[in-house]
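*Asks:* If you read the protein sequences in the order shown, they are chains A and B.
Quick note, the working numbering runs 20 ahead of the 1-based positions in the first sequence.
Quick note, the working numbering runs 4 ahead of the 1-based positions in the second sequence.
All residues carry an ideal CB built from backbone N, CA and C; glycine is no exception.
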Amino acid sequence: DAGVTQSPTHLIKTRGQHVTLRCSPISGHKSVSWYQQVLGQGPQFIFQYYEKEERGRGNFPDRFSARQFPNYSSELNVNALLLGDSALYLCASSPSRDRVTGELFFGEGSRLTVL
Amino acid sequence: QQQVKQSPQSLIVQKGGISIINCAYENTAFDYFPWYQQFPGKGPALLIAIRPDVSEKKEGRFTISFNKSAKQFSLHIMDSQPGDSATYFCAASWDGSARQLTFGSGTQLTVLP
C-alpha cells in the first residue's frame with residue numbers, strides 16, 4: 021500500500037518567489053496536515069484540512085496557504101519566500117480529523133531551500 | 005503553554021544499554037502523547053503513544069512512562085541496538101486544537117556497536 025507521497029522531494033527557490041508543494045494522502049484518509057521542520061528542530065504545525073475545509077491553522081503568516089481537493093490530495097503554497105522558509109515540509113494524513121488516537125502518517129517531505 | 009520541552013538534545017548509548025529520553029509539558033489539556041522516530045531523509049514515524057489515564061505503556065523494547073502530576077513523560081529503549089540510531093521526538097495534542105501535534109525539539113540517539 022502506498023504511504024503519503026509528496027512532491028517535489030527537493031527544490032531550490034530564491035527570495036521573493038512562490039512555491040507549491042503537493043501531497044497525496046494514504047488511500048481512504050480524509051485528513052491532511054502540513055508541518056514545517058527546520059533543521060535541528062521538531063516539526064511545527066501549519067495547517068490541517070478535513071473534507072476540503074481548513075480545520076486548524078498554526079502560527080504562520082498569511083504568505084502560507086493550503087487547500088484540499090475532492091480526492092483529498094492537498095497543496096501548500098508559500099508566497100514571497102524568505103530565507104527563513106528553508107525547511108523540510110512534511111505532509112501527514114489520518115483517517116479522520118480528530119480521532120482519539122491522533123495518529124498521523126507522515127510523508128518523507130519536500131526539502132525547500134531558499135537562496 | 006503549548007511548549008513541549010525535550011531532553012537531552014543528544015544521547016550516546018552502548019549496544020544493549022538503556023536509552024532514556026525525557027519530555028515535559030505545560031498545557032494540562034494535552035491528552036495524547038506520542039513518540040516519533042525519524043531517520044535521516046525520512047518523515048517521522050509513530051513509535052508508541054500513551055494517554056494520561058495510564059502511567060506506563062510497553063511495546064516490545066519501547067516503554068513510555070507518564071507522570072501526570074509532574075507533567076512529564078519519558079521514553080525508555082531497552083536493549084538499545086545500532087538500528088535504533090535515529091532522532092526521537094516527543095509530542096502532545098488535545099482535542100480542542102484539531103489534534104495538531106506539538107513536538108519537542110528532538111533527541112539524536114546514537115547506539116554504538
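Quick one: what does DSSP say valine 120 (chain A) is sitting in, helix, strand or coil?
*Replies:* Against the first sequence, residue 120 (chain A) aligns to sequence position 100. At valine 120 (chain A), the pLDDT of 45 sits below 50, so the modelled position is not reliable; the number obtained from the coordinates is stated separately. In the structure shown, valine 120 (chain A) sits in coil (DSSP, three-state: anything other than H, G, I, E or B).
*Asks:* Taking CB distances under 8 angstroms as the criterion, tell me whether phenylalanine 84 (chain A) reaches chain E.
*Replies:* Absent here is chain E; the protein component of the structure consists of chains A and B.
*Asks:* Please report how far the alpha carbon of valine 120 (chain A) lies from the alpha carbon of tyrosine 36 (chain B), in whole angstroms.
*Replies:* Indexing the first sequence from 1 puts residue 120 (chain A) at position 100. Indexing the second sequence from 1 puts residue 36 (chain B) at position 32. For valine 120 (chain A), the predicted model reports a pLDDT of 45, less than 50, meaning its position is unreliable and no value from the coordinates is stated.
*Asks:* Starting from glycine 78 (chain A), find everything on chain B with Cβ-Cβ shorter than 8 angstroms and list it in chain order.
*Replies:* Residue mapping note: residue 78 (chain A) aligns to position 58 of the first sequence, counting from 1. Near glycine 78 (chain A) (Cβ distances below 8 angstroms), the residues of chain B are Gln104.
*Asks:* Please work out which residues of its chain come closer than 8 angstroms, Cβ to Cβ, to lysine 33 (chain A), disregarding the five sequence neighbours upstream and downstream, and give them in chain order.
*Replies:* One-based indexing of the first sequence puts residue 33 (chain A) at position 13. Around lysine 33 (chain A): Val39, Leu101, Leu132, Thr133, Val134, Leu135.
*Asks:* Could you please give the first and the last residue of the uninterrupted beta strand (DSSP E) stretch that includes tyrosine 92 (chain B)?
*Replies:* As a working note, residue 92 (chain B) is residue 88 in the second sequence. Unbroken beta strand (DSSP E) run through tyrosine 92 (chain B): 90–96.
*Asks:* For a cutoff of 8 angstroms on Cβ pairs, would you count leucine 50 (chain B) as touching chain A?
*Replies:* Residue mapping note: residue 50 (chain B) aligns to position 46 of the second sequence, counting from 1. With 8 angstroms as the cut-off, leucine 50 (chain B) counts as an interface residue toward chain A.
*Asks:* From the DSSP output, in three-state form, read off proline 81 (chain A) for me.
*Replies:* Taking the first residue of the first sequence as 1, we reach residue 81 (chain A) at position 61. Coil at proline 81 (chain A), not helix or strand.
*Asks:* Name the one or two DSSP bridge partners that proline 38 (chain B) has.
*Replies:* As a working mapping, residue 38 (chain B) is identified with position 34 in the second sequence. BP columns for proline 38 (chain B) point to B:Ala53.
*Asks:* By the DSSP assignment, the beta strand (DSSP E) with proline 70 (chain B) in it spans what residues?
*Replies:* Here residue 70 (chain B) refers to the residue found at position 66 of the second sequence. For the sequence presented, residue 70 (chain B) should be read as phenylalanine rather than proline. It spans 66–71 - the beta strand (DSSP E) in which phenylalanine 70 (chain B) sits, taken as one unbroken run.
*Asks:* Under a CB-based cut-off of 8 angstroms, is glycine 108 (chain B) close to chain A?
*Replies:* Translated into the one-based positions of the second sequence, residue 108 (chain B) becomes position 104. It does: the Cβ of glycine 108 (chain B) has a partner Cβ on chain A nearer than 8 angstroms.
*Asks:* Alpha carbon to alpha carbon, what distance is there between lysine 62 (chain B) and glutamine 68 (chain A)?
*Replies:* Within the first sequence, numbered from 1, the residue matching residue 68 (chain A) stands at position 48. Within the second sequence, numbered from 1, the residue matching residue 62 (chain B) stands at position 58. When rounded, the distance between both Cα atoms is 30 angstroms.
*Asks:* Can you name, in chain order, every residue of its own chain whose Cβ lies under 7 angstroms from the Cβ of proline 28 (chain A), other than the five neighbours on each side?
*Replies:* Locating residue 28 (chain A) in the first sequence gives position 8, where the first residue counts as 1. For proline 28 (chain A), where only same-chain residues beyond five positions count, the Cβ hits under 7 angstroms are Ser130.
*Asks:* In whole angstroms, what is the alpha-carbon distance linking serine 14 (chain B) and leucine 108 (chain A)?
*Replies:* Walking along the second sequence from the start, residue 14 (chain B) turns up at place 10. Walking along the first sequence from the start, residue 108 (chain A) turns up at place 88. Cα to Cα, the separation comes out at about 21 angstroms.
*Asks:* Using the C-alpha atoms, what's the distance from glycine 64 (chain B) back to serine 89 (chain B)?
*Replies:* In the second sequence, counting from the first residue as 1, residue 89 (chain B) sits at position 85. In the second sequence, counting from the first residue as 1, residue 64 (chain B) sits at position 60. The straight-line gap from Cα to Cα measures roughly 17 angstroms.
*Asks:* For asparagine 97 (chain A), which residues in the same chain have their Cβ closer than 6 angstroms to its Cβ, ignoring the five residues on either side in sequence?
*Replies:* Reading the first sequence from its first residue, position 77 is the one you call residue 97 (chain A). Contacts found: Thr40, Ser85.
*Asks:* Should glycine 64 (chain B) be flagged as near chain A, meaning a C-beta pair shorter than 8 angstroms?
*Replies:* Indexing the second sequence from 1 puts residue 64 (chain B) at position 60. No, glycine 64 (chain B) lies away from the interface with chain A (no Cβ there is under 8 angstroms from its Cβ).
*Asks:* Output the distance between the C-alpha atoms of isoleucine 66 (chain A) and tryptophan 54 (chain A), rounded to the nearest integer angstrom.
*Replies:* Numbered from 1 along the first sequence, position 46 holds the residue referred to as residue 66 (chain A). Numbered from 1 along the first sequence, position 34 holds the residue referred to as residue 54 (chain A). Spanning the two alpha carbons is a distance of roughly 5 angstroms.
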